[in-house]
């Protein structure tokens, strides 16, 4: 067996936010090029992790200094002269996100791509990590370990195994015969027993779909913060960021469960079944694929569905959340500008780098991908008279590409057509390769129809029927989104605000001579009628301006899924096959 690469990670001064790292490479070439990744799998943005590396030095096996110099943004060249090389360096870690690293007096979290310098020549060799934790702190990682040393068979596995170090006592449960640990940082969980029970049910629902779990243990790292939400999937673990106050409400708890379901489903969908374009990972630059809509959007479709299948969400509540997703899509003008394949391909410069114009020029492959996968599921069910579903497509991909060889760029489409027994090219042409609005007619298969209404309040997310018994009088509509007190954050395409010349970053101070904040601006416009002209007073780059705006009529972009009035027996049966609930089930809370 080839000699292993050894790392030692210490954190003697946590308040300085500096990990102290040693990386030892066995004897080899006269010149050793040690490099840092510029991105981490699962987060498709070049983040330049080398910018946080400092104080790099090198010694040989006898401790004698070796010349080392930086040759580009991510590479350090060591004049090794055939010796084993130990690089010593420090990594600044003061960004608490699932894709970076964080060290302070309460814990240390590190994502491998941010900490471990490697060489391409030794990437396939075993990599071992010894963690020198402060007194009273424990180390948690999904890798096998002996004492404080953790073992990865190669660098890719190491990068895919984040570490959490701190004075934690983990929660535990077993799902499908596999032990699971939950390590929580930032606050205590309001109801730990309920949390473990609910997570267990979700994990077991997913295991049933795939007839077991593809690992021997799993680790959840949960970071409860003041704000922020997100997750990053790994081969045998995940890191989850969630607002601590969210677990105290029904909707917040539900939202956390969908986050758990999302990242856990990645065990199969992108960690083991992945785009061939990502095999192997190239850590030096962007890795392009047109399939993120299926791997991320498809996972987004399944996250709510698995909470439903676990019995933790009613069918009515599931349909309401799906309607909210449809509503968000229909309030995004960029859906008519960017295709799903392009959204996937250019995620590196679009999705992870949004600006005030992004809603007008782009669509999220998570968002539209979720809607498209819902439609694809129903298309397969309709084509096979409910004998098959998207579950069967996912299992087909698992059987044929679960060995890590990767799915070719046309592989999702071919798998779906194979399972459906019909050529689904027309569906993919419209849903994935065009900017046409989607065809929702397939919902009739399960006795539903997609309906649209006007949003009834600024916080109306759609998903539910109109609450007003009669048609409200038309309200004046400006069409902006706001940030802070009354700063315009986005001026969407097709709105009166854009046509009149309002700009993002304008600070609104008055409407028709009356001082307003953001809520007042919207309310006063809605007191008017479509076609009325109002005068918006604002500061633009410190200059006071007055802009006349002809108000429009608010669009009907709030979506909800309603049941057909007289469903057939076949529609009722298809509905139950899809959501696991009888057609006449009493609707749950929405």
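In the UniProt record's numbering, the protein residues as written are 1 to 590. Just so you know, even glycine gets a beta-carbon here, dropped at the ideal spot from N, CA and C.
Is it true that the CB of residue j sits closer than 8 Å to the CB of residue i?
| i | j | result |
| --- | --- | --- |
| residue 247 | residue 189 | yes |
| residue 537 | residue 509 | yes |
| residue 550 | residue 533 | yes |
| residue 474 | residue 490 | no |
| residue 563 | residue 462 | no |
| residue 38 | residue 46 | yes |
| residue 87 | residue 79 | no |
| residue 172 | residue 162 | no |
| residue 488 | residue 512 | no |
| residue 393 | residue 374 | no |
| residue 591 | residue 103 | Only positions 1 to 590 of the chain appear in the structure, and residue 591 is not among them; the question remains open. |
| residue 234 | residue 160 | yes |
| residue 268 | residue 365 | no |
| residue 68 | residue 276 | no |
| residue 195 | residue 288 | no |
| residue 220 | residue 182 | yes |
| residue 521 | residue 486 | yes |
| residue 376 | residue 390 | yes |
| residue 89 | residue 54 | yes |
| residue 42 | residue 232 | yes |
Please list, in chain order, all residues of the same chain as residue i whose beta carbon is under 7 Å from its beta carbon, the five residues on each side excluded.
| i | result |
| --- | --- |
| residue 155 | 118, 123 and 127 |
| residue 582 | 576 |
| residue 494 | 333 |
| residue 100 | 111 and 114 |
| residue 256 | 242, 246 and 247 |
| residue 585 | 315 |
| residue 348 | 44, 45, 46 and 286 |
Tell me whether residue i is buried or exposed, calling it buried when 16 or more other Cβ atoms sit within 10 Å of its Cβ.
| i | result |
| --- | --- |
| residue 459 | exposed |
| residue 588 | Unreliable placement is indicated for residue 588, whose pLDDT of 48 sits below 50; no coordinate value is reported for it. |
| residue 405 | exposed |
| residue 339 | buried |
| residue 52 | buried |
| residue 596 | As shown, the chain starts at 1 and ends at 590. That puts residue 596 outside it, with no answer to give. |
| residue 5 | buried |
| residue 426 | exposed |
| residue 595 | Given that the chain is displayed from residue 1 to residue 590, the structure contains no residue 595 and the question cannot be resolved. |
| residue 262 | buried |
| residue 556 | exposed |
| residue 469 | exposed |
| residue 291 | buried |
| residue 274 | buried |
| residue 280 | exposed |
| residue 15 | exposed |
| residue 359 | buried |
| residue 167 | exposed |
| residue 250 | exposed |
| residue 350 | buried |
Could you name the residues of the same chain whose beta carbon sits closer than 8 Å to that of residue i, not counting the 5 residues immediately before and after it, in chain order?
| i | result |
| --- | --- |
| residue 367 | 297, 300, 325, 328, 329 and 332 |
| residue 430 | 436, 438 and 439 |
| residue 30 | 79, 80, 81 and 82 |
Using only alpha-carbon positions, find the residue among the options that is nearest to residue i.
| i | options | result |
| --- | --- | --- |
| residue 472 | 457, 570 and 486 | 457 |
| residue 207 | 182, 176, 34 and 28 | 176 |
| residue 384 | 199, 272, 418 and 195 | 418 |
| residue 186 | 97, 152 and 270 | 97 |
| residue 595 | 147, 319, 163 and 290 | As displayed, the chain neither begins before 1 nor continues past 590, which places residue 595 out of reach and without an answer. |
| residue 573 | 386, 488, 477 and 526 | 386 |
| residue 2 | 125, 287 and 414 | 125 |
| residue 436 | 40, 336 and 556 | 336 |
| residue 323 | 450, 365 and 391 | 450 |
| residue 476 | 521, 516, 433 and 527 | 527 |
| residue 138 | 223, 483 and 106 | 106 |
| residue 217 | 557, 258, 237 and 94 | 237 |
| residue 483 | 77, 196, 356 and 92 | 356 |
| residue 371 | 561, 191 and 535 | 561 |
| residue 545 | 567, 502 and 525 | 502 |
| residue 50 | 133, 409, 71 and 31 | 71 |
| residue 453 | 554, 363 and 211 | 554 |
Can you name, in chain order, every residue of its own chain whose Cβ lies under 6 Å from the Cβ of residue i, other than the five neighbours on each side?
| i | result |
| --- | --- |
| residue 590 | Low local confidence applies: a pLDDT of 44 at residue 590 is under 50, so the model's placement there is unreliable, and no value is given. |
| residue 108 | 11 and 165 |
| residue 413 | 428 |
| residue 94 | 17 |
Open item on the list: I'd like the ranges of any alpha helix (DSSP H) spanning at least 4 consecutive residues and lying wholly in the region 350-415.
Closed with: 358-361, 365-383 and 390-401
TODO: Just list the alpha helix (DSSP H) runs in the region 423-459, keeping only unbroken ones of 4 residues or longer that don't cross its boundaries, in chain order.
DONE: 425-431
Open item on the list: Just to confirm the assignment: which complete beta strand (DSSP E) runs, minimum length 3, are found wholly within the region 178-236?
Closed with: 178-185, 218-225 and 230-233
- [ ] For the region 123-175, list the alpha helix (DSSP H) runs that are entirely contained and at least 4 residues long, ordered along the chain.
- [x] 155-159
TODO: Ignoring anything shorter than 4 residues or poking outside the region 476-505, list the alpha helix (DSSP H) runs there in chain order.
DONE: 496-500
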